[in-house]
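Using this note's numbering, read the sequence shown as starting at 18 and increasing by one per residue.
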Amino acid sequence: MATDLHVVGPLELPCVQNGIKKRIERQDCQYFWHNQTAESLYYKQGCYIFAMRAGKGFKPWYVGKAGKGFGQEIFSHHKLEIYNSAIFKSSRGTPVVFFVTPMGNHRKVPQNELKHMEKELTLYALDKNPRLCNVQNTKNLPRWTIRGVIRSGKGRASRPSIQFKKMMGM
18 MATDLHVVGP LELPCVQNGI KKRIERQDCQ YFWHNQTAES LYYKQGCYIF
68 AMRAGKGFKP WYVGKAGKGF GQEIFSHHKL EIYNSAIFKS SRGTPVVFFV
118 TPMGNHRKVP QNELKHMEKE LTLYALDKNP RLCNVQNTKN LPRWTIRGVI
168 RSGKGRASRP SIQFKKMMGM
């Protein structure tokens, strides 16, 4: 049976602004879980993507997996250091997080699927942001592309590429 997942977010991360720079502090993390949508995710497993929203777009900075539940994993001391480093590097925007998690009341994701999902999402995020803060799943990357379909960079896709993506359900 397939694991049905959906995306929740973007949820804005509360942060303090010290002078010019923003920073996520430990107490801000507790405040985050008071949001009704975030609260429903506290015990769920899945993947999450920390990103910066600027203008009309998003730039991913970190992809992680939560095998014990988002509430226990996404705001660890180590993760806060990563997020704050990304905020510093991106220089502008609002920190947000997206969650990929089971639908409804389901909480668990099989660990092998969770690991595969994290790796796949990391590849997509790395394609969008070569300065991604992840260490895992960024070695031995595929060195091939299909122009307009997979890891092809910017630019408009050709008509055959669009048709190919449609045929493949991409």
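Just so it is clear, CB atoms sit at the ideal spot from N, CA and C, and this is done for glycine as well.
Buried or exposed: residue i, going by 16 or more other Cβ atoms within 10 Å of its Cβ?
i, result
"Asn-122", "exposed"
"Ile-179", "exposed"
"Tyr-141", "exposed"
"Glu-135", "buried"
"Val-33", "exposed"
"Lys-39", "buried"
"Thr-139", "buried"
By alpha-carbon positions, which one of the options ends up nearest to residue i?
i, options, result
"Phe-49", "Asn-146, Ile-91, Ser-102", "Ile-91"
"Thr-162", "Arg-43, Val-152, Ala-174", "Ala-174"
"Val-25", "Glu-130, Val-117, Leu-140", "Val-117"
"Phe-87", "Cys-150, Gly-165, Arg-124", "Arg-124"
"Val-152", "Ile-99, Pro-127, Glu-130, Arg-176", "Ile-99"
"Gly-170", "Ile-104, Leu-143, Leu-131, Val-126", "Leu-143"
"Gly-68", "Ser-108, Thr-20, His-133, Asn-129", "The question names Gly, but residue 68 is Ala in the sequence shown. When each option's Cα is compared against that of Ala-68, the closest is Ser-108."
"Arg-54", "Pro-27, Phe-181, Arg-160, Leu-97", "The question names Arg, yet the displayed sequence has Thr at residue 54. Answer by Cα proximity: Pro-27."
"His-94", "Ile-41, Met-185, His-23, Arg-160", "Ile-41"
Only counting the same chain, and skipping five residues up and downstream in sequence, which positions put a Cβ closer than 6 angstroms to that of residue i?
i, result
"Arg-70", "Gly-110, Thr-111, Val-113"
"Arg-43", "none"
"Ile-66", "Pro-77, Val-80, Phe-115"
"His-51", "none"
"Lys-182", "Val-166"
Per DSSP, which one or two residues make a beta bridge with residue i?
i, result
"Gly-63", "Ala-83"
"Phe-115", "Ile-66"
"Pro-77", "Ala-68"
"Arg-40", "Val-33"
Leaving out the 5 sequence neighbours to the left and right, which residues in its chain are closer than 7 angstroms to residue i when beta-carbon positions are compared?
i, result
"Lys-106", "Arg-148"
"Glu-29", "Thr-111, Val-113"
"Cys-150", "Trp-78, Tyr-79, Ile-99, Ser-102, Ala-103"
"Val-126", "Thr-20, Gln-62, Gly-63, Pro-119"
"Leu-58", "Val-25, Phe-87, Phe-116, Thr-118"
"Ala-128", "The sequence shown places Gln at residue 128, rather than the Ala named in the question. Gly-84, listed in sequence order."
Sorted by chain position, which residues of the same chain lie with C-beta nearer than 8 angstroms to residue i's C-beta, five sequence neighbours on each side aside?
i, result
"Lys-145", "Lys-76, Pro-77"
"Glu-130", "Thr-20"
Do three or more CB pairs link the stretch 77-97 to the stretch 59-67 at distances below 8 angstroms?
In this structure the stretch 77-97 touches the stretch 59-67; the number of beta carbon pairs closer than 8 angstroms is three or more.
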